[in-house]
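Going down the list, the protein sequences come from chains A and B.
With our numbering, letter number 14 in the first sequence gets 3, and the count goes up by one each step, no holes.
With our numbering, letter number 79 in the second sequence gets 68, and the count goes up by one each step, no holes.
No residue lacks a Cβ here, since even glycine has one placed at the ideal position from N, Cα and C.
Everything numeric in this text was worked out from a predicted model, so none of it was measured.
There are 2 protein chains.
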Amino acid sequence: MLNRQDPLDRLFQALADGTRRAIVERLVRGPAAVSDLARPFDMSLSAVLQHLNVLIESGLVVSEKSGRVRTCRIEPGAMRMTEDWITRQRTGWERSFDRLGDILDDSGDRND
Amino acid sequence: MLNRQDPLDRLFQALADGTRRAIVERLVRGPAAVSDLARPFDMSLSAVLQHLNVLIESGLVVSEKSGRVRTCRIEPGAMRMTEDWITRQRTGWERSFDRLGDILDDSGDRND
DNA sequence: AGAAAAGTGAAGCAATCACTTCACCATAGG
DNA sequence: CCTATGGTGAAGTGATTGCTTCACTTTTCT
């Protein structure tokens, strides 16, 4: 399925990398410039910039440039989309589990 | 960062594909055999099996074989790890946001 | 003006991904 | 036994990923 347009694909893909999650974790504490974000990592600025672009494309991060400094910050709405998907699955699963519980109850093995 | 061992890497990577998410959505309604899972997709059984293996490696899905049928089901604990990470970021962000609110409340001509 | 700092873009490279096809094994049922 | 069903494994392919280096622009500082 080569549908790289699906927002959830991009979102989860963006979060599937330790460097990018670390960037998110950093930005959650507050906005930061590109080179501030790059400093902790043992890789080139270019590499970090590419990670940052993935995060921006996914919508997780927004940025604006003033002077020569690009300041980045979290866009919480994007992360909420992934949270919602996961929550939807979990509640779906809990419902199935309840149904299973009902069946087990009916068959007399009351365990809860 | 070639650390494909990190559980969160594997988890998010597993969820970063529409086919795999569809499999999860299916399994949330209840267990299913490999070929049941494959049926809706317009790709070979081998391809679906590879997706399934990614899900199993990530821990999102467990399976057991009885006879010639492998039955798969969701392992909810794995998904909870991703949910926890996301929730942690959101609460972290909300805290930052509150701090920002405090600063804005304290308003204008105060330099601390 | 000249140098340093901050960021950008492109090309290249090895590894990984998402498939395909083909060959194959194991079990269930006539 | 024989065949259909359900599932596996391996090899191959083209696209994508996660970097690197190098060249370059723009802004700030002195």
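Original post:
Taking Cβ positions only, does ARG15 of chain B come closer than 8 Å to chain A?
Top reply: no
Original post:
So LEU0 of chain A packs on LEU49 of chain A, CB below 8 Å; how close in whole Å?
Top reply: About 7 Å separates the two Cβ atoms, so the contact holds.
**OP:** Determine the chain A residues that contact MET70 of chain B at a beta-carbon separation under 9 Å, and present them in chain order.
**Re:** By Cβ distance, chain A contributes nothing, its closest Cβ being about 10 Å from MET70 of chain B, past 9 Å.
Original post:
Of all the CB atoms in chain B, is at least one closer than 8 Å to the CB of SER35 of chain A?
Top reply: no
Original post:
PRO20 of chain B and ARG62 of chain B: beta carbons closer than 8 Å?
Top reply: yes
Original post:
In the DSSP assignment, what residue or residues form a beta bridge with SER52 of chain A?
Top reply: A:CYS61
Subject >> Opposing strand residues paired with ALA3 of chain B [DSSP bridges] >> reply: Note: ALA3 of chain B sits in no beta bridge, so no partner.
Subject >> Close-in-space but distant-in-sequence residues of the same chain around SER24 of chain B (CB under 8 Å, 5 per side omitted) >> reply: Result list for SER24 of chain B: LEU34, in chain order.
**OP:** Quick one: residues in its chain with C-beta nearer than 7 Å to the C-beta of ARG10 of chain A, no 5 flanking neighbours on either side, listed in chain order?
**Re:** LEU4
Original post:
Apart from the five residues on each side of it in sequence, which residues of its chain come closer than 6 Å, Cβ to Cβ, to ASP(-5) of chain B?
Top reply: none
Subject >> Cα-Cα separation between THR60 of chain A and LEU16 of chain A, rounded to whole angstroms >> reply: 10 Å
Original post:
Taking the alpha-carbon positions, what's the ASP31 of chain A to ILE75 of chain A distance?
Top reply: 32 Å
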